[in-house]
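Residue numbers (our numbering), protein chains in the order written: chain R, 5 to 387; chain B, -16 to 581.
All remarks here apply to the structure that follows.
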């Protein structure tokens, strides 16, 4: 089973915290669309004998594309790849795109459904105007709520993104944000601690002192609030930032943490086939030019055994599946397993990790420290 | 022989010794423009950068004065109290000394103690007032200081500037006219003084010497008196900017010798060279086997580099015989070496040379002096303690003695109070106070050497705003109340952080250590208690709070590779730290005790 990710590198405006690849100019949209379709054709050999289980439109802002444009892309996937029956097809969407289409004969939601999209991931981030302004989101607080009212009428499988640890966001406001989502009976929520990425507007504002820096202690408190609240409401924290009711975990995203292969289409998109990772150039013009010449504009990294082991530790510790000791021994050998157990010992003693049914897992306390722990569990080749 | 002049330079650090030496070489045409670079004599990069001379050097200049050709041998001396023995041997090789005094800063403690050494050796002193071109120069007053000190005439003080070259001709004239020619019997058996040695990768050890009697010939069968080893003089010669091989080096002259010796240990500064068959009956007086004053552990950052560290230390020892080391092991740091140094600067230099010349990153543990412990079982026999772990169980110890020094400090009258408070805090007892001039005071203390090891220099500089100079000499052992301060991280004792300190300071240093370690040890994923203890008694405690967040929120397809590399880099970065139990300790934490006041 495999997933296909399609990157739509356009946005109406730049969110201050975002370091993904996108352009706010739509001039090259048509050319890019053609290139995406062409890349799907060029790479169809890569998933021979593997059927596609999920299709995911990410970005950027995929909801900027018209129904016809999205349909072209979906059709192209079906034409060139073997797709399972009832694949999970997710569209990342911004609230402002979902409510501007009222008054037409069909709602946008019905249109999405008509082309096979069965899962929406909506970038709400916050229901407070102050937060949305601080982050330079394209929608306002009203639109955030209105779009959910509409979306839930047509879609059952909806995921909502929220951000916590925003300077100025109090714990009570955070609880209010969570409650609002819960009131809409949304089955999947992704929550991210606001992260200051290098070379973003947010970083520059913080450096200039225009915005307070993010506070790790506050982020940790809000994370704890989140976990407690969502777990009490029947959600499973199946990955550090992802919470789903049973049967509503993101199939596409779980593939990333479970080492399953995926094909990334579009500028800056990453692919993984089990032995190598590759990534396309993060530049729309270069991407289009190269694809037009039938050349894949990508860099390839072949993973060593140690790389694979380290990735497994890093991703495994973020999930409820943890790191299977049996799998480690089977895939990497007994020395790796012993290394892992030896390095893990102090964290087990400090109650940051635990072993259950032969799986190494993070405790509630350890979850928010899992990168630092993973790093210490890594194997490093000294050459 | 009557046209040879052997002289050295006595100066305080920064008083312009090396620059003035450069001008002398310039003026006598000893260097061509192509060879010219600043601080020619300081051949180690480290010497140039720090502006100090670590090794002695020698250079021969030819100079014609009033129609006669003269040979001038300049013996440059190290400029730091750690190397005072080497200075004394260089002085013993000369008949005259240039006393260089900065016209703005006047005479400093170290200058005075070296001056006394020169006077004891009956050297002719030529006072030179350097940097007279500086706006802050105060030639009249400083001349008065010099006149007071030497009892000379003000006219005898030569004004000069190493920067412009002003006065260099007068200095050369004074060397020729005032420094006596060497005396000695060319027909007597060979008697030469070794004043330094240098390691050369291709030629082995080059020994620098001064001939007092007889001559040393190429091919001669010779003997070193103190080591009682004999060699053949494969090559002898004089020391121009490059070496000039000669058939012989004669009475009164300075030269080098190559015998195929491979290790510096065999060439002891101060030793006498003589003929093997016809040995001299007069050995050069003043030979001492230099003893290390300060001991510390040196460990490889990566335990796997132990053998490489040993090889590097051995190579370093070829070139620096005053470095001694023996293997030791620590529960925290694994295998390493206990090393003896002449002083704190020497220790720093060794550490830095290991890094620069051998690419060895090392952890240096808290240094200590050498104590004598007497056990109840054996109350008359001293047991040497060079390592905190050597200190016997308190209940079995009869008494402990620690080395004391006589410290001389010269400072401005304004800072006498501050300096005194510092010395008293450091367990010093004042024995003398002399006003050299109304403005300048010489203070003499008896102090434990151990106190000098613990941030004394930096404190002295601070309390005197830089206007204090310091010199010391060992004066023997005295009773002490010594305790071992242990540090526990996460309830585990870390032997490499233990220190030997005076009982009265234990509480204070224990508290400061905990505070300093809290600052230096990075936060980890769990709380780390830090405790200072004497025996079973905890005297201080701090806690390094755990990190709250150490994870990035997003980890999707595109993030995995980047993130893995980032976390791998983090893990590699920790290679420079030492994992002790479950705590990662950065290199500098092991020296924390020395920087308690930063």
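Where is the CB? At the ideal position from N, CA and C, for every residue including glycine.
Treat the numbers as computed from the prediction; the structure is a model and nothing was measured.
Which residue's Cα is closest to the Cα of residue 220 (chain R): B:536, B:469 and B:344? Position 216 of the first chain holds residue 220 (chain R). Ranking B:536, B:469 and B:344 by Cα distance to residue 220 (chain R) puts B:536 first.
Buried or exposed for residue 351 (chain B), please, with buried defined as at least 16 other CB atoms from any protein chain shown within 10 angstroms of its CB. For the purposes of this step, residue 351 (chain B) is taken as residue 368 along the second chain, with counting starting at 1. That one is buried.
Close Cβ partners of residue 387 (chain R) (< 8 Å) along its chain, the five nearest in sequence each way excluded: As a working mapping, residue 387 (chain R) is identified with position 383 in the first chain. Note on residue 387 (chain R): pLDDT 46, under 50, position unreliable in the model; no value is reported.
Check whether the region 43 to 51 of chain R and the region 81 to 95 of chain R touch, using three or more Cβ-Cβ pairs below 8 Å as the test. yes
Per-residue contacts from residue 322 (chain R) into chain B (C-beta, under 9 Å): In the first chain, residue 322 (chain R) corresponds to position 318, counting from 1. 534 and 538, listed in chain order.
Rounded to whole angstroms, what is the Cα-Cα separation between residue 6 (chain R) and residue 288 (chain R)? Residue numbering aside, residue 6 (chain R) sits at position 2 when the first chain is read from its first letter. Residue numbering aside, residue 288 (chain R) sits at position 284 when the first chain is read from its first letter. Going by the C-alpha atoms only, they are around 25 Å apart.
Quick check on the burial criterion: 16 or more other C-beta atoms within 10 angstroms. Buried or exposed for residue 295 (chain R)? Walking along the first chain from the start, residue 295 (chain R) turns up at place 291. Flag for residue 295 (chain R) reads buried.
Restricting to runs no shorter than 3 residues, where is the beta strand (DSSP E) found entirely within the region 292 to 343 of chain B? 307 to 313 and 317 to 324
Throw me the rounded Cβ distance for the residue 97 (chain R) and residue 119 (chain R) pair, which I believe falls under 8 Å. The sequence position of residue 97 (chain R) within the first chain is 93, counting from 1. The sequence position of residue 119 (chain R) within the first chain is 115, counting from 1. At roughly 14 Å, the Cβ-Cβ gap does not stay under 8 Å, so residue 97 (chain R) and residue 119 (chain R) are not in contact.
Are the Cβ atoms of residue 175 (chain B) and residue 248 (chain B) separated by less than 7 Å? Translated into positions along the second chain, residue 175 (chain B) becomes position 192. Translated into positions along the second chain, residue 248 (chain B) becomes position 265. Not in contact: residue 175 (chain B) and residue 248 (chain B) (Cβ atoms no closer than 7 Å).
Buried or exposed for residue 259 (chain B), please, with buried defined as at least 16 other CB atoms from any protein chain shown within 10 angstroms of its CB. Numbered from its first residue, the second chain carries residue 259 (chain B) at position 276. Looking at its Cβ environment, which holds fewer than 16 other Cβ atoms inside 10 Å, residue 259 (chain B) is exposed.
Mind checking residue 113 (chain B): buried by the 16 CB within 10 Å criterion, or exposed? The residue given as residue 113 (chain B) occupies position 130 in the second chain. Classification of residue 113 (chain B): buried, given that the 10 Å Cβ count is 16 or more.
Does the beta carbon of residue 233 (chain B) sit closer than 7 Å to a beta carbon anywhere in chain R? If you number the second chain from 1, residue 233 (chain B) lands on position 250. Residue 233 (chain B) does not count as touching chain R.
To which residues of the same chain is residue 260 (chain R) closer than 6 Å at the C-beta, ignoring the five residues directly before and after it? Translated into positions along the first chain, residue 260 (chain R) becomes position 256. None.
How many whole angstroms separate the CB atoms of residue 68 (chain R) and residue 101 (chain R), which I take to be in contact at a CB cut-off of 8 Å? The count along the first chain starts at 1 and reaches residue 68 (chain R) at position 64. The count along the first chain starts at 1 and reaches residue 101 (chain R) at position 97. Their Cβ separation, rounded to whole angstroms, is 7 Å, which keeps residue 68 (chain R) and residue 101 (chain R) in contact under 8 Å.
What are the residues that DSSP puts in a beta bridge with residue 353 (chain B)? Here the question's residue 353 (chain B) lines up with position 370 in the second chain. Partner(s): none; residue 353 (chain B) has no beta bridge.
Strictly under 7 Å for the Cβ-Cβ distance: is residue 543 (chain B) near chain R by that measure? As a first step, residue 543 (chain B) is located in the second chain; it is residue number 560 there, counting from the start. At least one chain R Cβ lies under 7 Å of residue 543 (chain B).
Answer yes or no: does any C-beta atom of chain B fall closer than 7 Å to that of residue 74 (chain R)? Counted from its first residue, the first chain places residue 74 (chain R) at position 70. No, its Cβ sits nowhere closer than 7 Å to a Cβ of chain B.
With a CB to CB cut of under 7 Å and the five nearest residues on each side skipped, what residues in its chain are close to residue 303 (chain R)? Position 299 of the first chain, counted from the first residue, corresponds to residue 303 (chain R). Result list for residue 303 (chain R): 282 and 283, in chain order.
With a threshold of 7 Å on Cβ separation, who are the neighbours of residue 144 (chain R) within its own chain once the five nearest residues in sequence on each side are excluded? Working through the first chain from its first residue, we reach residue 144 (chain R) at position 140. Cβ within range, chain order: 133 and 136.
Residue 255 (chain B) in three-state terms, based on DSSP: For the purposes of this step, residue 255 (chain B) is identified with residue 272 of the second chain, where counting begins at 1. Here residue 255 (chain B) sits in strand by DSSP.
What are the residues of the region 269 to 287 of chain R that lie near chain B, defined by any Cβ-Cβ distance shorter than 8 Å? 272, 273, 274, 275, 276, 281 and 283
For residue 175 (chain B), the first and last residue of its enclosing beta strand (DSSP E): Here residue 175 (chain B) corresponds to residue number 192 of the second chain, with the count starting at 1. Residue 175 (chain B) -> beta strand (DSSP E) spans 174 to 183.
How many angstroms separate the CA atom of residue 338 (chain R) from the CA atom of residue 497 (chain B)? Here residue 338 (chain R) refers to the residue found at position 334 of the first chain. Here residue 497 (chain B) refers to the residue found at position 514 of the second chain. Computed Cα separation, rounded: 41 Å.
Name the DSSP beta bridge partners of residue 606 (chain B), please? Missing from the structure shown is residue 606 (chain B); chain B here goes from -16 to 581 and no further.
Three-way DSSP call (helix, strand, coil) for residue 519 (chain B) in this model: Locating residue 519 (chain B) in the second chain gives position 536, where the first residue counts as 1. Coil at residue 519 (chain B), not helix or strand.
Measure the Cβ-Cβ separation of residue 324 (chain R) and residue 242 (chain R) and say whether it is below 7 Å. Translated into the one-based positions of the first chain, residue 324 (chain R) becomes position 320. Translated into the one-based positions of the first chain, residue 242 (chain R) becomes position 238. Yes.
With DSSP collapsed to three states, give me the class of residue 372 (chain R). By one-based count along the first chain, residue 372 (chain R) stands at place 368. DSSP places residue 372 (chain R) in coil when its eight states are reduced to three.
For residue 584 (chain B), I'd like the list of residues in its chain whose CB is within less than 8 Å of its CB, leaving aside the five on either flank, ordered along the chain. There is no way to answer for residue 584 (chain B), as the model of chain B reaches only from -16 to 581.
Is DSSP giving residue 400 (chain B) helix, strand or coil here? Along the second chain, one-based indexing puts residue 400 (chain B) at 417. Residue state, collapsed to three classes: helix.
List the whole-angstrom C-beta distance separating residue 390 (chain B) from residue 411 (chain B), where the pair is believed to meet the contact cut-off of C-beta under 8 Å. Within the second chain, the letter at position 407 stands for residue 390 (chain B). Within the second chain, the letter at position 428 stands for residue 411 (chain B). So it is a contact: roughly 7 Å between Cβ atoms.
C-alpha distance - residue 10 (chain R) paired with residue 294 (chain B), whole-angstrom precision: Position 6 of the first chain, counted from the first residue, corresponds to residue 10 (chain R). Position 311 of the second chain, counted from the first residue, corresponds to residue 294 (chain B). Going from the Cα of residue 10 (chain R) to the Cα of residue 294 (chain B) covers about 58 Å.
Could you tell me whether the Cβ atoms of residue 356 (chain B) and residue 345 (chain B) are closer together than 7 Å? On the second chain, residue 356 (chain B) is found 373 positions in, with the first residue counted as 1. On the second chain, residue 345 (chain B) is found 362 positions in, with the first residue counted as 1. Contact flag unset, no.
In chain B, which residues lie with their C-beta within 9 Å of the C-beta of residue 197 (chain R)? Residue 197 (chain R) sits at position 193 when you count from the first residue of the first chain. Correct list: 532, 534, 535 and 536.
Can you confirm whether residue 588 (chain B), when its beta carbon is compared against all beta carbons of chain R, has any partner nearer than 7 Å? With chain B running from -16 to 581 in the structure shown, residue 588 (chain B) is simply not present.
Answer yes or no: does any C-beta atom of chain B fall closer than 7 Å to that of residue 345 (chain R)? Taking the first chain and counting its residues from 1, one reaches residue 345 (chain R) at position 341. Cβ-Cβ to chain B under 7 Å: no for residue 345 (chain R).
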